[in-house]
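Participant:
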Amino acid sequence: MAEPPTLADYLKSCRTRLDPRALGYAQERRRTPGLRREEVAQRAHISATWYTWLEQGRGGPPSAEVLERIAQALLLTEVEREHLFLLGLGRPPEVRPRPQSGITPRLQRVLDAMATSPAIVRTVTWDVVAWNAAAAAVLTDYGALAPHERNVLRMMFLNPHTRAAQFDWHSVAHFLVAVFRADVARAGAAAAVQPFVDELGAASPEFAALWRGSDVREFGEGLKRLRHRQLGEIELEYSAFSVDGRPDLSMVVYNPSSAADADRIGALIAAGARG
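Heads up: the sequence shown begins at 1 in my numbering, then just goes up one per residue.
(1) In terms of alpha-carbon separation, which member of TYR142, PRO160, ARG217 and TRP126 lies closest to ALA133?
(2) Run through DSSP, which three-state label would GLY59 get?
(3) Whole angstroms are fine: how far does the CA of ALA115 sit from the CA of ARG109?
(4) Going by Cα to Cα distance, which pick from PRO247, ARG246, ILE234 and SER239 is closest to ALA260?
(5) Going by beta-carbon coordinates alone, are VAL193 and VAL184 separated by less than 8 Å?
(6) For VAL128, collect the residues of the same chain with a Cβ closer than 6 Å to its Cβ; drop the 5 residues on either side in sequence, then sort them by chain order.
(7) Leaving out the 5 sequence neighbours to the left and right, which residues in its chain are closer than 7 Å to GLY201 when beta-carbon positions are compared?
(8) Report yes if the CB atom of GLY88 is closer than 8 Å to the CB atom of PRO61, and no otherwise.
(9) If you drop the 5 nearest sequence neighbours on each side, which residues of the same chain put their C-beta closer than 6 Å to that of ARG43?
(10) One question on the structure: do TYR238 and VAL252 come within less than 8 Å of each other, judged by their Cβ atoms?
(11) By the 10 Å Cβ neighbour count, where 16 or more other Cβ atoms means buried, how is ALA203 classified, buried or exposed?
(12) Once DSSP output is grouped into helix, strand and coil, what is the label at TYR238?
(13) For the alpha helix (DSSP H) containing HIS174, list its first residue and its last residue.
(14) Below 8 Å on the Cβ atoms is my contact criterion, and I expect ASP265 with ALA137 to pass it. Report the Cβ-Cβ distance as a whole number of Å.
(15) So what's VAL124 in DSSP terms, helix, strand or just coil?
(16) Alpha carbons only, please: which of SER250, GLU218, TRP169 and LEU84 is nearest the one belonging to ASP9?
(17) What residues match up with GLY201 in a beta bridge as DSSP calls it?
(18) Quick check on the burial criterion: 16 or more other C-beta atoms within 10 angstroms. Buried or exposed for LEU153?
(19) Would you report the Cα separation of ARG65 and GLN56, rounded to the nearest angstrom?
(20) Give me the DSSP bridge partner(s) of HIS228.
(21) In this structure, how does DSSP classify ARG246 when only helix, strand and coil are distinguished?
(22) For ALA189, count neighbouring C-beta atoms within 10 Å of its own C-beta (all shown protein chains included) and say buried if the count is 16 or more, exposed if not.
(23) Please determine, among ALA26, VAL40, GLY24 and PRO5, the residue with the shortest C-alpha to C-alpha distance to THR16.
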């Protein structure tokens, strides 16, 4: 039975597939394909001896910082970077926040296929980057907002309509900030989100007070009740899913808790109404 690949095997495989000429290195007098070990070490800003030991399975486990440098030096994709960390440390890397961007057309079609279930795709900082017609009708008409306003925290604390739609705003707000705190810490994004935190804290003393706390929560799944302007009271079961290949994104789906509520949402969409 073949042995499973090791960190040493994976590093060598990734190194030998790189094109030296594309990275500015001379091609002549190379006995093996790819970069030399010392060239990878130079690109990763680590010692050639340490990198050689890693390829030889010596020297103990590397730090997350060293693996991050090696991932960049080897031009690894997100999934390759995750595999590197799993081999080297037995765990995935921290999620790296990306600049706000949209989603693939295929994922948008997944959202659109859920005709009466509001669904959104959000970043780790709770910016909504995609949604379906049901979400626009029941939750918020995100398309009517400027991109920087499509943030769940901003709407929860600064939008009177969003606030009034909650059955227990204080509990919902506390929960949301606790989830946001955990997401930011997991992503290592504290510095990146600080300007947003400062801005929201200045505009909302309630957010500032909650942010000074230490509670953390997992979003996961649960029940959400809303007061909708057209539908009245509505109950939704929500579940969150990670987006494969995009660890910075999550899809949140809100399923109507009854067939009657699903019919009401369908009628609302057909009438062209918006949340």
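Quick reminder that beta carbons are idealized off the backbone N, C-alpha and C, glycines included.
Facilitator: A quick look at the data gives this:
(1) TYR142
(2) coil
(3) 11 Å
(4) ILE234
(5) Taking C-beta atoms as the reference points, VAL193 and VAL184 count as a pair closer than 8 Å.
(6) For VAL128, where only same-chain residues beyond five positions count, the Cβ hits under 6 Å are ILE120, ARG122, TYR142 and ARG150.
(7) Exclusion of the five residues before and after GLY201 leaves PHE207, ALA208 and TRP211 as the residues of its chain whose Cβ lies within less than 7 Å of its Cβ.
(8) yes
(9) Once the five neighbours on either side are set aside, the close Cβ partners of ARG43 are ALA73.
(10) Yes, Cβ-Cβ distance for TYR238 and VAL252 is below 8 Å.
(11) exposed
(12) Note: TYR238 maps to strand in three-state DSSP.
(13) 169-187
(14) Inspection of the sequence shows that residue 265 is occupied by Ile rather than by Asp. By a beta-carbon distance limit of 8 Å, ILE265 contacts ALA137. Their separation comes to about 7 Å.
(15) If DSSP states are grouped into helix, strand and coil, VAL124 belongs with coil.
(16) LEU84
(17) DSSP lists no partner for GLY201.
(18) Buried: at least 16 other Cβ atoms inside 10 Å.
(19) A small correction: the amino acid at residue 65 is Glu; Arg does not occupy that position in the sequence shown. Between GLU65 and GLN56, the C-alpha separation is close to 19 Å.
(20) GLY232
(21) strand
(22) buried
(23) VAL40
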